[in-house]
Each structure stands twice: as C-alpha cells, then as structure tokens.
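All remarks here apply to the structure that follows.
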Amino acid sequence: MSDFKNLGLSNELAQNLAELKYVSPTPIQSEAIPLILKGHDLLGIAQTGTGKSAAFLLPIIQQTNNCEVRKAEPLVLILAPTRELCIQIDESIQAYAKNLSLKSCAIFGGVEQEGQVKRLQEGVQIVVATPGRLLDLVEQKLLRLAKVESFVLDEADRMLDMGFIDDINFILEKLTERKQTMLFSATMPAEIQKLASTILRDPKTVEVTPVSSVAKNIEQKVIFCKKTEKFQLLKKILKEEEIELVLVFAKTKNIVDNIVEYLAQNRRAARAIHGDKTQEERERAILHFKEKVVKILVATDIASRGIDIDGVSHVINFDIPIDPESYVHRIGRTARAGKAGIAISFCDEEEKPSLEKIQKLSAIKFKTEKFHGGGGEGYKVKAVAKKTTAPTPGKSQEKNAWLDHSKRQTLQSDGSKRVHPGMKNNKKKRR
Numbered sequence: 001m002s003d004f005k006n007l008g009l010s011n012e013l014a015q016n017l018a019e020l021k022y023v024s025p026t027p028i029q030s031e032a033i034p035l036i037l038k039g040h041d042l043l044g045i046a047q048t049g050t051g052k053s054a055a056f057l058l059p060i061i062q063q064t065n066n067c068e069v070r071k072a073e074p075l076v077l078i079l080a081p082t083r084e085l086c087i088q089i090d091e092s093i094q095a096y097a098k099n100l101s102l103k104s105c106a107i108f109g110g111v112e113q114e115g116q117v118k119r120l121q122e123g124v125q126i127v128v129a130t131p132g133r134l135l136d137l138v139e140q141k142l143l144r145l146a147k148v149e150s151f152v153l154d155e156a157d158r159m160l161d162m163g164f165i166d167d168i169n170f171i172l173e174k175l176t177e178r179k180q181t182m183l184f185s186a187t188m189p190a191e192i193q194k195l196a197s198t199i200l201r202d203p204k205t206v207e208v209t210p211v212s213s214v215a216k217n218i219e220q221k222v223i224f225c226k227k228t229e230k231f232q233l234l235k236k237i238l239k240e241e242e243i244e245l246v247l248v249f250a251k252t253k254n255i256v257d258n259i260v261e262y263l264a265q266n267r268r269a270a271r272a273i274h275g276d277k278t279q280e281e282r283e284r285a286i287l288h289f290k291e292k293v294v295k296i297l298v299a300t301d302i303a304s305r306g307i308d309i310d311g312v313s314h315v316i317n318f319d320i321p322i323d324p325e326s327y328v329h330r331i332g333r334t335a336r337a338g339k340a341g342i343a344i345s346f347c348d349e350e351e352k353p354s355l356e357k358i359q360k361l362s363a364i365k366f367k368t369e370k371f372h373g374g375g376g377e378g379y380k381v382k383a384v385a386k387k388t389t390a391p392t393p394g395k396s397q398e399k400n401a402w403l404d405h406s407k408r409q410t411l412q413s414d415g416s417k418r419v420h421p422g423m424k425n426n427k428k429k430r431r
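1 is the number of the first residue of the sequence shown in full-length UniProt numbering; add one for each residue after it.
Listed below in structure tokens is the structure:
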C-alpha cells in the first residue's frame, strides 16, 4: 500500500488497492501516475497487459473525486475501441473508487441507449465510451463535451485499425484545448505518431514491455464453439472432466450471474464474485470454495485478484480475455505448489482476434478442438419485451446489435439475447 502512496495517491485509493490485492505498482504505473498527477500530457507506449489502465485511472480518480457532478457534462472522457474494453475500464473505476463520491458511466452500442442516457442525466464525472455511441449521443445533444478536463485515448493503434480516425477527429473538435490528454498505444506506426503530435502538448513519454509468464505445468486448451453454445459446452466440461476445484472466468458481472443461475438450474452449486458483491459476500464465497462446500467459483477478473487457493485443478475461460495479462492471471490460479493444472478457454468467432493476440504476445501454444453442440440453443430466460428505438445513423464501423423483442429469448455468452426465428430485425446499432 505504501508503494502506491509514495506515487502520490491518497490513503483511500491506496486502501482500496490493498483490498484488491494490488501489492506494488507495475513499471508503467510507477512512471505514469506521478506525471499524470502533475498535469502532464502523456504518451504511453505499452502493450495491453502491463497495468496501463490503472496507470491512468488511479490519478484521474484522485483528480476528479469530489469534483462537481453535472448532468450529461463529464469532466473526464475515456475513449476505447470496443464495448468489452469499455465495460472492463468502467468496472475497474468502480472497484478503485469504492466508497468514494466518484460516479462513472460506460457508453457503448449494441444495447438500448435509454439506460445510458438516464445515467448521464443523473450526473457523472467520468464517461468511458466507444466512438460510435458517443457520437450518437453528442449529435442528439444528450451528451456535452465542453467541460472535459481530461481525455484518454486508449489502444489508439487499434482505434485506427478499426477505422475510427474520422470519429476521433470529430470528437476532438468538441473538446476544449485546455484539457489534459493521455494517449496509449501498443505500437507507434506513422499514423499514431502524427496523431500524438497533433493532440499532445509537450508530452512525457513512458514506454514499457509486458512481463508475462505461464507455469509450464498447465495444460492449455482452446475449444472453438458458437457463442450460443457456451453454456452447453460448460455443462459438458463439468460433467466429463475430473474436477477438484474449478474457477470459471467471465468478462462481465451479468455473465457471471447468468452462469451461476444456469448451473443451479442444472443442479450444480456455484458461487459468484464480482464488483456488485459486498466484501463479506466475496469472502464467504471464497471460503466456501476453499473449504470445498462448493467446487465451482465464477468470477470476473477484477474481483478475482488475490485468490490464492491450493487445489484448483481447472480454470475455464467462459470467454477469451481481451489481453494477455488477464489470461496469464486467470490461468495462474491453477497449478499451484508444483501441481499440474488444466486451463480450458471457450472461443467463438468474434473472439479469435483476442486469442491470436494472446498467442502472439505470450508465445503460448494451445491444444485446440471443435465443439459440435446440439444446435446452440443456449440458456433460456424469461424477458419482458421492450420497445426498441431506432438509433441515429452511425459514422463508424461499430457493428452488431442485440435486439430485445421476444418474451422468450436465448441468452448468449455475453449476456445478450438472441432473437428467435420469426422475430428478426435487421436494424444495426453502433458498438
């Protein structure tokens, strides 16, 4: 805890980090946090998996906590290329800022905008957004960027690869020149160098390389499947594998809860830990797991930090993590004390780029197989039909909508609902 305090972070933040089992800062955190606290613009050259999110989030939280909350006028804007990264960053903010007065909101497409608009109207200091949905709300005058004092462009090289440069430039035009700007990129091609020189003022540069290692006694397997087959595949794995204790990782709190509910419906006891659980609930779930009251623990990445339990025979990645650090951290929960362990990852078509990224940056070779499910019926839940509103046409390449029209829908691996035959709608929403 004292290491983080030495970087200039408050006692409250340091205490929250200690509870999250953050022992000491990573190299990029050690270098970037003091610079950001001093108000410098920053160019961070770092792979995902180096702790860079905390490197900019922690000082931003400290600078913004207790600042005035305005309706739909955030003080901080964090731009991310995908909804998954948006959700992850927002959940990290909530974990780091526990018991503080800070309010944040994740803005992304593929869902109805009403809930996000309501959150903005209630007032937030920090907005984490994908470009398309952000522009939708700006164009509808539901979000104003004139008060933004800190701007973060995360995974800038990936933004450009996805064709977001025009969106980024449009967003920059809406921001004041007096803002503090931070740009993070894993690589520095000419386009990123040009962008950095345009938006950063006398920046400090921090460059680090990831440090990732995987225990040699972990058998790593990837099973390719459809998104709608993951619940069925999980049921099959739990039935066929000789499991002592298994940790199941999912990318969002919603998916974690849905997995636990699905397992309960199939007469398998499991416990959940994620950011919405109280400290007492998390500790009780971990204790039940450790004492083998239950053999299945389902967790998000942020909530699982510090789990150190001998006897975890299996780790299952219900979805592919978006960065190598998360992957290494997840599977490192098995093969403790010299024992062997098994890590099984479910990968659908959309997740293949993330898997390739993990393979490339971590030099990991996976055993692979293909799951042939029974039609991918998934996990059925009851849902109340909602009235959908057509979104403002988008400028960017953000794709894929999840539509909510049926009273009986199929829950996919990301917690969204697949519309049954006869209920299809071809409208698209921004990511």
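No residue lacks a Cβ here, since even glycine has one placed at the ideal position from N, Cα and C.
Rounded to whole angstroms, the gap between the alpha carbons of N6 and K98 is 20 Å. Spanning the alpha carbons of I89 and R271 requires a straight line of approximately 24 Å. Below 8 Å, enough C-beta pairs join the segment 346-366 and the segment 217-235 to call them touching: three or more. Between D319 and K230, the gap from beta carbon to beta carbon is short of 9 Å. Where S104 is concerned, there is no enclosing alpha helix (DSSP H), although the beta strand (DSSP E) around it starts and stops at 104-107. Of the residues K277, D41, E325, the one whose Cα lies closest to the Cα of D202 is D41.
I344 has its alpha-carbon roughly 36 Å from the corresponding atom of L77. According to the DSSP assignment, T368 belongs to the beta strand (DSSP E) that extends over 367-370. In the DSSP assignment, R271 is bridged to L297.
Going by beta carbons, I87 and S104 fall outside the 9 Å limit.
Going by DSSP, T176 is part of no alpha helix (DSSP H) at all; its letter is neither H nor E.
Taking all protein chains in view, the Cβ of N317 is crowded by 16 or more other Cβ atoms within 10 Å, so the residue is classified as buried. Bounds of the alpha helix (DSSP H) holding I255 are 253-265. Per the Cβ contact rule, the segment 67-85 is in contact with the segment 125-141 (3 or more Cβ pairs under 8 Å).
Taking 9 Å as the cut-off, the beta carbon of Q47 is found no closer than this to the beta carbon of A190.
Listed in chain order, the non-local C-beta contacts of R178 below 8 Å within the same chain comprise E149, local neighbours out to five positions each way being set aside. Residue range 131-139 is occupied by the alpha helix (DSSP H) that includes G132. Our two residues, K360 and G163, have alpha carbons roughly 23 Å apart in a direct line. Distance from the Cα of K38 is smallest, within the candidate group L145, Q140, L13, K204, for K204. A straight line joining the alpha-carbon of S313 with that of A129 spans about 37 Å.
The residue from K292, Q220, L175, H372 with its alpha-carbon nearest to that of R330 is Q220. For K194, the uninterrupted alpha helix (DSSP H) segment begins and ends at 190-199.
Straight-line measurement puts the Cα of K239 at about 24 Å from the Cα of P321.
If you draw a straight line from the Cα of P324 to the Cα of D301, it is about 12 Å long. A direct Cα-to-Cα measurement between F108 and P131 gives close to 8 Å. For Q220, the uninterrupted beta strand (DSSP E) segment begins and ends at 218-224. Counting along the chain, H314 sits inside the beta strand (DSSP E) bounded by residues 314-317. According to DSSP, residue pairing for V152 in a beta bridge involves I78, M182. Around the CB of E84, 16 or more other CB atoms lie within 10 Å, so the residue is classed as buried. Assignment of G341 by DSSP, reduced to helix, strand and coil, places it in the strand class. Within the same chain, and ignoring the five residues on either side of A156 in sequence, the residues whose Cβ sits closer than 6 Å to its Cβ are L183, S185, I192. Annotation: the continuous alpha helix (DSSP H) that includes K230 extends over 230-240. By the Cβ rule, the segment 60-68 does not count as touching the segment 111-118, because fewer than three pairs are nearer than 8 Å.
Taking C-alpha positions only, R336 is separated from I342 by approximately 11 Å.
Looking from the CA of I28, the closest CA among V294, F366, K52, S197 belongs to K52. Shortest Cα-Cα distance from A80 to any of R133, A269, V138 involves R133.
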